Amino acid sequence: MLKVENVSFHYGSRTILSDVSFSVRKGELFGIMGPNGSGKTTLLKLMSGIHLCKSGEVYIKGKPLQDYKQRELAKIVAVLSQHAEESFAYQVKEIVALGRYAHQKAWLHSPTKEDQEAVQEAMKTTGVHHLQNTAIQELSGGEKQRVYLAQALAQEPEILLLDEPTNHLDVSNQKELLDNLKEWSQKNNLTIISIFHDLNLAGLYCDRLLMLHEGIVEIISSPQQVLQEKMIKKVYQTDIKQIPHPKLAAPQIALLPKMEASSKRLIIDERYLKISKNHLEMKVPKPLKTLSSGVTGAGVGWYTNFVNRHVDKNYQCDHYEEEMKSYLRAHHFIPEQTVGMMTAVYIEDAAYKNIGSEDLSVFIVATAGVGNAVDAAQAIEHSSELLPGTINIWIFVNGALSEAAYIQSIMTAAEAKASVLRREQVMDPITGTLATGTSTDSILIAATQEGDPIEFAGTISPLGKLIAAGVTECVTESLKKRNGRLKN
Amino acid sequence: MNLNKTGAAYLFAAFFLIFAIVIGIAVGTVAVPPLDVIKILISNVLPFKIANNVDPMHINIVQNIRLPRVLLAGLVGASLSIAGAAFQGLLRNPLADPYTLGVSSGASVGAVITLFFQVSIPFVGSYTLPLLSVVCSLFTIFFVLLFAKKMDSMMRVETIILTGIIFSSFLSAFISLMIALTGDELRQIISWLLGSVSMRGWAYIKIILPFFIIGSILLLAQGKELNALAFGEERAKHLGVNVQKRKLLILIAGSILTGAAVAVSGTIGFVGLVIPHLVRIIAGPNHVHLLGLSMLVGSGFLILADLFARTFISPTELPIGVITALIGAPVFAVLLLNSRRKGK
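Spelled out as structure tokens, the structure:
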């Protein structure tokens with residue numbers, strides 16, 4: 001559809017593009033990316049015929065761009081550029097109708113039915129139909145962008161060139177525009193070539209990406225191939241982290257802002273723990289990256305507050321999450337910043353321990369009860385009725401954990417817990433075998449993410465050893481307290 | 489703007505022009521009844537004679553004095569207005585006018601040279617001044633474009649405006665120099681510079697008419713292109729407009745009109761600025777209609793301005809440029825103020 005062959009471009013003595021070659025298939029959504037000054041806009045202007053190639057050639061449908069008359073070209077290629085000059089108060093309809101210029105021949109040619117239909121259709125597609133009699137100056141940035149898009153669509157092009165179409169648009173307008181572009185490219189086999197600044201948007205919508213770096217094509221490939229941490233770091237010379245999209249197999253890029261390393265390292269220990277009658281709470285001065293199961297704040301997130309709340313063992317509530325949130329609010333916690341758990345264990349049975357050295361330490365809090373103990377190996381024998389959690393373990397790590405270390409921490413803690421139950425000869429009342437836990441245990445790993453990176457937390461790694469020892473001790477102690485209380 | 493509104497605008501503009509012509513002819517030191525004016529006009533155009541019982545003196549006044557004067561004012565007004573509308577669209581600046589590019593200064597230089605050196609070209613005699621003015625204005629636009637092209641091969645609008653200002657300033661200084669060097673001719677030059685359509689006769693109409701016809705036909709054909717150009721040259725190109733060719737066409741056609749108007753009537757300010765502006769407010773910015781409507785309204789406006797100029801402190805005639813500036817500037821100020829307020 002469009003082919004760029006060995007194109008170079010200079011402004012004076014400055015080389016903007018050197019030896020750029022690529023081709024775009026019909027119906028493809030092709031993204032062009034690169035840092036400021038990498039030649040993206042120049043490349044687009046070469047493809048739209050604003051600049052002429054000094055060397056190399058741009059072919060459109062197999063014919064050199066230079067051989068097209070402006071009017072012929074406009075019937076194939078439409079352009080949506082970033083800036084529009086609006087000196088006069090044209091109505092939306094008039095602006096969109098200008099898109100038909102190339103299709104109209106004679107001077108006094110009045111718009112044909114086909115012209116009018118194309119204009120109406122374009123306005124409907126971009127959702128500016130209701131604004132058609134409004135002056136362009138009265139519209140918002142997003143609406144203006146849609147008007148010019150309608151103009152481009154009224155040209156009925158086969159190729160649409162876009163220069164950062166989402167610039168100046170808010171999040172919902174960005175998404176809507178790109179959703180629409182994607183839909184049109186698929187429905188009408190429209191070829192779309194667009195410059196993107198937002199790497200994440202490009203990764204989500206484009207079929208292929210071209211990365212320009214100092215006027216040279218760095219890579220042309222699928223978003224998965226192009227949006228690699230190493231590549232972005234190299235081309236953009238900045239600190240980023242690649243993360244998976246939560247719903248799609250599309251790479252996403254997270255920026256890492258340059259932060260002043262705080263002179264004092266945050267150390268989490270018993271100073272931040274408060275034991276009240278009905279709950280345990282931890283309030284830390286900085287958000288901790290947390291992986292947890294629980295009622296609120298489950299999953300991965302950054303949290304400052306941690307609450308383990310005692311509820312009656314017969315606690316039943318259909319909307320337990322809402323109920324938990326209102327409990328948190330009543331106790332002056334913001335639910336969105338709080339990991340909340342429930343336990344049927346009495347808070348006075350809680351045990352906590354600070355363990356480790358100055359370089360690496362963990363703070364562990366546990367509440368343990370074994371009323372509904374289960375042997376995991378025989379779990380199939382149990383009904384699926386859930387009761388409030390009984391062994392809740394919190395592990396606070398004063399260190400920077402990798403994702404793998406988070407998962408290994410949980411494994412280590414779970415194994416330590418099972419080991420305690422075995423040692424304490426806790427039986428699964430249904431199967432009569434040794435229990436490995438209870439049916440509703442919860443766990444939480446929270447780390448300050450400061451200091452040297454910790455890659456592993458398996459049982460014999462330095463961190464794993466601390467976690468195993470701490471969990472063993474706390475669960476044992478909490479069980480002891482409970483047993484003591486039950487005897488009295 | 490829908491079709492009915494456009495139709496109404498044309499109808500209104502046409503009536504305004506006819507009204508201006510009839511009043512312009514009827515009013516003066518000798519008043520001619522408007523009905524007689526219409527009768528004389530019709531019998532001039534159509535083959536049947538219905539002016540039989542009209543006073544022959546009136547016929548004489550109308551045909552030999554008032555009609556050519558009114559027609560000349562109308563043609564000048566139409567030329568300046570359509571050129572103004574086109575330049576404003578092309579330069580994407582609602583405050584541009586036909587004089588922005590230095591064309592009128594060029595024409596003035598031609599006229600001032602004629603008056604200063606008492607030039608008289610054989611065979612054309614008294615038409616030396618307008619002819620030389622047109623020639624000078626065309627030379628000016630030619631040099632402006634040449635210079636702009638040298639500065640910037642893309643000939644962007646900004647470059648053209650800048651070049652126009654440079655030429656305009658230089659030529660104005662040249663005119664001032666001439667004026668300073670003149671003794672007795674001073675009043676003649678000044679009064680020419682202030683603009684007038686009096687005592688020109690049919691001969692001047694013959695001079696402006698060919699330029700007017702060519703220039704306005706060329707411009708009227710650029711309505712859609714001007715609409716596209718109003719959004720910037722790149723976008724116009726993307727829409728399929730052959731920007732370089734159209735731009736050159738508009739500049740040359742506008743300059744021909746301006747040059748010819750200045751040549752026959754001197755510099756008459758504000759018409760080319762205010763009329764397109766006013767029409768745009770009423771009928772919208774669509775150049776397909778703006779150009780023609782500006783012609784009609786501008787033509788009527790200048791006829792009325794001339795009427796005012798010659799009757800206000802009759803028998804003394806005021807320079808028409810003074811009247812257009814006196815009416816134009818405040819009207820423009822009010823328009824500007826209103827549009828700014830609406831914008832907020």
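One line per chain: the protein sequences are A and B, in this order.
Mind the numbering: the first sequence is residues 1 to 488 in the working numbering, read in order.
Mind the numbering: the second sequence is residues 489 to 832 in the working numbering, read in order.
Glycine residues also receive a C-beta, built at the ideal position from the N, C-alpha and C atoms.
The model shown is predicted, which means the values in this text are computed figures rather than measured ones.
Q: Could you please give the first and the last residue of the uninterrupted alpha helix (DSSP H) stretch that includes A:N180?
A: That run of the alpha helix (DSSP H) goes 171-187.
**Q.** Contact set between A:L190 and chain D, taken where Cβ atoms lie within less than 7 Å
**A.** Here chain D cannot be found, since the structure's protein chains are A and B.
Q. Is it buried or exposed for A:R281, if we count other Cβ within 10 angstroms and need 16 for buried?
A. The sequence shown places Glu at residue 281 of chain A, rather than the Arg named in the question. The residue is buried, with at least 16 neighbouring Cβ atoms inside 10 Å.
Q: Give me the Cα-Cα distance between B:M489 and B:L824, rounded to the nearest whole angstrom.
A: Its pLDDT being 47, under 50, B:M489 is placed unreliably by the model, and the measurement read from it follows with that caveat. Put simply, the backbone Cα of B:M489 is about 22 Å away from that of B:L824.
Q: Count the C-beta pairs between the region 389-403 of chain A and the region 361-374 of chain A that are closer than 8 Å, then say yes if the count reaches three, no if not.
A: Flag = yes, the region 389-403 of chain A and the region 361-374 of chain A touch.
Q | Every unbroken alpha helix (DSSP H) inside the region 544-606 of chain B [4 residues or more] | A | For the region 544-606 of chain B, whole alpha helix (DSSP H) runs of length 4 or above, ordered along the chain, are 544-548, 555-578, 591-605.
Q) Quick one: is B:N541 near chain A, going by C-beta distance under 8 Å? A) With 8 Å as the cut-off, B:N541 does not count as an interface residue toward chain A.
(Q) On the criterion of 16 or more Cβ atoms from any shown chain inside 10 Å, does B:A821 qualify as buried, or is it exposed? (A) By the Cβ neighbour-count rule, B:A821 is exposed, with fewer than 16 other Cβ atoms within 10 Å of its own.
**Q.** 8 Å Cβ cutoff met for A:L161 and A:S48
**A.** Taking 8 Å as the Cβ cut-off, A:L161 and A:S48 qualify as a contacting pair.
Q: Determine the burial state of A:D428: buried for a count of at least 16 other Cβ atoms within 10 Å of its Cβ, exposed for fewer.
A: A:D428 should be labelled buried.
Q) I think B:L626 touches B:T602, with their Cβ atoms under 8 Å apart; what is that distance to the nearest whole Å? A) Here B:L626 is actually not in contact with B:T602; their C-beta atoms are around 16 Å apart, not less than 8 Å.
**Q.** Closest residue to B:F500 among B:A748, B:G816, B:M783 (Cα-Cα distance)
**A.** Nearest of B:A748, B:G816, B:M783 to B:F500, Cα basis: B:M783.
Q. Is A:D493 helix, strand or coil by DSSP?
A. Nothing can be reported for residue 493 of chain A: it is not among the residues displayed for chain A, which extend from 1 to 488.
Q: Would you be able to state if there are at least three C-beta pairs under 8 Å between the region 540-549 of chain B and the region 511-526 of chain B?
A: The region 511-526 of chain B makes contact with the region 540-549 of chain B: 3 or more CB pairs, one atom from each, lie closer than 8 Å.
Q: Check whether the Cβ atoms of B:T746 and B:P586 lie closer than 8 Å to each other.
A: Cβ distance < 8 Å, so B:T746 and B:P586 count as in contact.
Q) Does any residue of chain B bring its CB to less than 8 Å from the CB of A:R71? A) Closer than 8 Å to the CB of A:R71 there is at least one CB belonging to chain B.
Q: For chain A, find out if any of its Cβ atoms is closer than 8 Å to the Cβ of B:K832; answer yes or no.
A: Model confidence at B:K832 stands at a pLDDT of 39, short of 50, so the residue's coordinates are unreliable; what they give is reported in the following sentence. It does not: the Cβ of B:K832 has no partner Cβ on chain A nearer than 8 Å.
Q) Are the region 66-73 of chain A and the region 83-96 of chain A in contact at 8 Å, needing three or more beta carbon pairs? A) Counting Cβ pairs under 8 Å, fewer than three are found: no touch.
Q. Based on the DSSP secondary-structure assignment, which residues constitute the bridge partners of A:F22?
A. Answer is A:V4, bridged to A:F22.
**Q.** Where B:A502 sits in the DSSP three-state scheme
**A.** Residue state for B:A502 is assigned as helix, using DSSP reduced to three classes.
(Q) Taking only three categories from DSSP, how would you classify B:G816? (A) Note: B:G816 maps to helix in three-state DSSP.
Q. Looking at C-alpha atoms only, which residue of A:Q120, A:P64, A:K3, A:I443 is the closest neighbour of A:T290?
A. Nearest of A:Q120, A:P64, A:K3, A:I443 to A:T290, Cα basis: A:I443.
Q) Any residues in the region 8-34 of chain A with a beta carbon nearer than 9 Å to a beta carbon of chain B? Which ones, in chain order? A) If you check each beta-carbon in the region 8-34 of chain A against every beta-carbon of chain B, none falls closer than 9 Å.
Q. Quick check: the region 635-643 of chain B against the region 786-793 of chain B, are there 3 or more CB pairs under 8 Å?
A. In the pairwise beta carbon analysis, the region 635-643 of chain B is classified as not touching the region 786-793 of chain B: fewer than three pairs are separated by under 8 Å.
Q: Say whether chain B places a C-beta atom closer than 8 Å to the C-beta of A:I76.
A: No, A:I76 lies away from the interface with chain B (no Cβ there is under 8 Å from its Cβ).
Q | Opening and closing residue of the alpha helix (DSSP H) in which A:M427 lies | A | No alpha helix (DSSP H) holds A:M427; DSSP gives it neither H nor E.
Q: Can you give me the start and stop residues for the alpha helix (DSSP H) that B:K637 sits inside?
A: DSSP places B:K637 inside the alpha helix (DSSP H), whose first and last residues are 616-639.
Q. If you drop the 5 nearest sequence neighbours on each side, which residues of the same chain put their C-beta closer than 7 Å to that of A:S501?
A. The structure shown has nothing for residue 501 of chain A, since chain A only spans 1 to 488.
Q: Let me know the secondary structure DSSP gives A:P257 once reduced to three states.
A: In this structure, A:P257 counts as coil in the three-state DSSP scheme.
Q) Along chain B, in chain order, which residues have C-beta atoms closer than 7 Å to that of A:E229? A) Those within 7 Å of A:E229 in chain B number zero; the least Cβ separation is about 37 Å.
Q) Looking at the C-beta of A:E94, does it have a partner C-beta in chain B at a distance below 8 Å? A) At least one chain B Cβ lies under 8 Å of A:E94.
Q: Leaving aside the five residues before and after B:V645 along the sequence, list all residues of the same chain whose C-beta is less than 6 Å from its C-beta, in chain order.
A: Counting only Cβ-Cβ distances below 6 Å, and skipping sequence neighbours, we find L579.
Q) Among A:N180, A:E138, A:K175, A:D170, which residue has its Cα nearest to the Cα of A:A150? A) With distances taken between Cα atoms, A:A150 lies closest to A:N180.
Q. Which same chain residues, not among the five before or five after A:T15, have their C-beta less than 8 Å away from its C-beta?
A. The answer, listed in chain order, is S8, F9, G215.
**Q.** Residues near B:I837 in its chain [Cβ-Cβ closer than 6 Å; skip 5 each side]
**A.** The structure shown does not extend to residue 837 of chain B, since chain B spans only 489 to 832, so no value can be given for it.
Q. Taking the continuous beta strand (DSSP E) assigned at A:Q242, which residues delimit it?
A. Per DSSP, A:Q242 belongs to the beta strand (DSSP E) from 240-244.
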